[in-house]
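Read left to right, the sequence shown gives residues -15 to 180 (the numbering used here).
Glycine residues also receive a C-beta, built at the ideal position from the N, C-alpha and C atoms.
Note that the structure is predicted; figures quoted are calculated from it, not measured.
Beneath this line is the structure, given in C-alpha cells, with notes to follow.
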Amino acid sequence: MTRDYKKPERRASSRGNGSSFLIGMLIGLVLGLGIALGVAWYVNRMPSPFLLHSKPSAKGEATKGDAGKNRAPAATSAETKPRFDFYKILPGQEEPATEKQFREATRSKPSEREAFYLQAGAFQNAPDADTLKARLALLGVEATIQTTTLPDKGVWHRVRAGPYTSIEELNQARETLKQNGVETTLIRVRDAGAGK
C-alpha cells in the first residue's frame, strides 16, 4: 500500500470557538437584564392592589397654593363624618363610643356590663364578611362575625374585633388596622352577652 507522505493540514484553531461562547454569554446577560428591567418598570408603573390610596403628600398640597387652603375645612369635616351607618342600626343596645367613654367604663364598677368592640364592617353577603375576617386574622387581630336580622334591611354580618378591656390593647389593635387601611368604629355594647 502506498503511503501519503504529505503533512496533514491543520484545522482552524479552536480559539474562535471559545470567543463565540463568551459573546453568547454577554448577549444572554444583556437580554436578561433588559427583560428584568422591563418587567420591573411595568410592575412599578401599575398601582399595587394591596395598598389603599394614601392622603396627598405635603408637596402636592404646597403646589395647589391658596386653592388648597380654601378647601381644607371642608375636607376635614368630611373626614370626621363617619361614612357608615351600621352603628346606628340597633339603638339602645349598641352605639358608637369615644375613647373617653371607654376610659371611664374601664375605671367604673365591674358590675356594669359593657363591652367595647372595634367594628370593621357590616355586610349583607357572608363571604364578604369572611374575607374581611380572614384579612384581620392575617394582621394578627382576632375577629368574630355577628349575624343580625334587621327589620326592612334583611340579614347583616358584622365583623368585630374584641371585646377589649384595656385601652392599650384597644389602641394597639386599632393602630394595626389603621396602618393596613381598615377603618374601624368603636362600639359599646351594654350587655356583654349581646356582643357575640
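Where residue i sits in the DSSP three-state scheme
i: PRO147; result: strand
i: GLY105; result: strand
i: GLU167; result: coil
i: TYR190; result: This structure cannot settle anything about residue 190, because the visible part of the chain is limited to -15 through 180.
i: VAL14; result: helix
i: GLY44; result: Because GLY44 carries a pLDDT of 47, less than 50, the predicted location of this residue cannot be relied on, and no value is offered for it.
i: LYS162; result: helix
i: GLU(-7); result: coil
i: SER4; result: helix
Bridge partner(s) assigned by DSSP for residue i
i: GLN130; result: ARG142
Delimiting residues of the alpha helix (DSSP H) encompassing residue i
i: ARG119; result: 110 to 122
**Prompt:** Is the stretch 153 to 163 touching the stretch 121 to 141 in the sense that three or more CB pairs, one from each, lie closer than 8 Å?
**Reply:** Note that the stretch 121 to 141 touches the stretch 153 to 163; at least 3 beta-carbon pairs, one per stretch, sit closer than 8 Å.
**Request:** Determine contact between the stretch 106 to 114 and the stretch 147 to 157, defined as no fewer than three beta-carbon pairs at a distance below 8 Å.
**Result:** no
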